[in-house]
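Residue numbers (my numbering), protein chains in the order written: chain E, 1 to 109; chain F, 1 to 159. Backbone N, C-alpha and C fix where the C-beta goes; we use that ideal spot for every residue, glycine too. Below is one structure; the comments refer to it alone.
See the structure below:
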């Protein structure tokens, strides 16, 4: 049994009724930005992986430069709910949008 | 954990770009947490109902401003023994929500002339929302382009 967090999700797009085709993909969800990624079975390059949270991460730059797990964002969003900080959303490049001092303060506790 | 399902039936989406504000009622499906609730989406389903070939690009996105006075619809528990959910679904509000200009959580395209999309998360791979306040507390499933009639359904687990 794999120790890597998460497994494979499933995405089905069925356009047969309109003359298209049935597409089925395995999916992964980025452990950092929470984005769902449909896996290309023909991909040759290695997929991203975070050694800190030991989970799959997507190709976004922001997800690959630092470890900011979405679950930590959930924790921060609950703790600092009144601040209105964007703990869960990420920028288009996967970059964190909230004040990292809050994260660091939380990690040091 | 209890799983709940909320459906938005037979609505005509409006093509909403990121940052679109005050979304018109019945053009989207919204899911909202309360300050005391956290949810994670485990599945979404989109069924096309258009009467002619119409391609929709649908997206699950976060909101930068929550809907004002949404008309809450109580999600149905998939297990009759579950407590009522704290989180709600909605498709209408006094002032509709504003879509965040941030990364999309999922993008799918389908021909709404009978097309079907279903996404199911693996355990540990769910999409999170929490604590009620924007931009962390609500999610929106709607169209980026295309206005073919769809019905959508979101299943979530409340933590």
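I need the boundaries of the alpha helix (DSSP H) containing residue i, first residue and last residue.
{"i": "residue 101 of chain E", "result": "100-108"}
{"i": "residue 74 of chain E", "result": "70-79"}
Can you tell me where the beta strand (DSSP E) holding residue i begins and where it ends?
{"i": "residue 48 of chain E", "result": "48-50"}
{"i": "residue 104 of chain F", "result": "Taken as a continuous stretch (DSSP letters only), residue 104 of chain F belongs to no beta strand (DSSP E), as it is neither H nor E."}
{"i": "residue 130 of chain F", "result": "127-130"}
{"i": "residue 18 of chain F", "result": "Premise fails: residue 18 of chain F is in no beta strand (DSSP E) and is neither H nor E."}
{"i": "residue 43 of chain F", "result": "38-48"}
{"i": "residue 5 of chain F", "result": "3-11"}
{"i": "residue 154 of chain F", "result": "150-158"}
{"i": "residue 118 of chain F", "result": "116-120"}
{"i": "residue 138 of chain F", "result": "138-145"}
{"i": "residue 31 of chain F", "result": "29-32"}
{"i": "residue 151 of chain E", "result": "Residue 151 of chain E lies beyond the range of chain E shown here (1 to 109); nothing can be said about it."}
As a quick exercise: from the options, pick the residue whose alpha carbon is nearest that of residue i.
{"i": "residue 156 of chain E", "options": "E/108, E/93, E/103", "result": "Outside the displayed range of chain E (1 to 109) lies residue 156 of chain E, so it cannot be described from this structure."}
{"i": "residue 157 of chain F", "options": "F/91, F/30, F/82", "result": "F/82"}
{"i": "residue 112 of chain F", "options": "E/8, E/14, E/10, E/9", "result": "E/14"}
{"i": "residue 87 of chain F", "options": "F/123, F/49, F/95, F/39", "result": "F/39"}
{"i": "residue 76 of chain E", "options": "E/65, E/98, E/35, E/11", "result": "E/98"}
{"i": "residue 16 of chain E", "options": "F/27, F/115, F/135, F/129", "result": "F/115"}
{"i": "residue 32 of chain F", "options": "F/125, F/13, F/43, F/91", "result": "F/91"}
{"i": "residue 4 of chain F", "options": "F/53, F/25, F/80, F/26", "result": "F/80"}
{"i": "residue 42 of chain E", "options": "E/36, E/52, E/57, E/26", "result": "E/26"}
{"i": "residue 15 of chain F", "options": "F/78, F/52, F/34, F/109", "result": "F/109"}
Mind checking the segment 93-104 of chain F against chain E and listing, in chain order, the residues whose C-beta falls within less than 9 Å of any C-beta there?
100, 101, 102, 103, 104
Give me the subset of the segment 125-155 of chain F whose CB atoms are less than 9 Å from a CB atom of chain E, sorted by chain position.
125, 126, 127, 128, 129, 130, 131, 132, 133, 134, 135, 136, 137
List in chain order: all unbroken beta strand (DSSP E) runs of 3+ residues lying wholly within the segment 21-67 of chain E.
22-29, 36-38, 48-50, 55-57
Using a beta-carbon distance cut-off of less than 7 Å, what residues from the segment 40-56 of chain F approach chain E?
53
Which whole runs of the beta strand (DSSP E) in the segment 50-95 of chain F are 3 residues long or more, in chain order?
55-65, 68-70, 88-90, 93-95
Please list, in chain order, the residues of the segment 31-58 of chain E that have any C-beta partner in chain F closer than 7 Å.
33, 34, 35, 36
Is there contact here, the segment 20-37 of chain E with the segment 69-76 of chain F, by at least three beta-carbon pairs under 8 Å?
no
Contact between the segment 141-159 of chain F and the segment 45-52 of chain E: three or more CB pairs below 8 Å?
no
If we count Cβ pairs, one from each stretch, closer than 8 Å, do we get three or more for the segment 56-73 of chain F versus the segment 93-110 of chain F?
yes
What are the residues of the segment 57-72 of chain F that lie near chain E, defined by any Cβ-Cβ distance shorter than 7 Å?
62
Touching or not, the segment 122-137 of chain F and the segment 36-50 of chain F, by the rule of three or more beta carbon pairs under 8 Å?
yes
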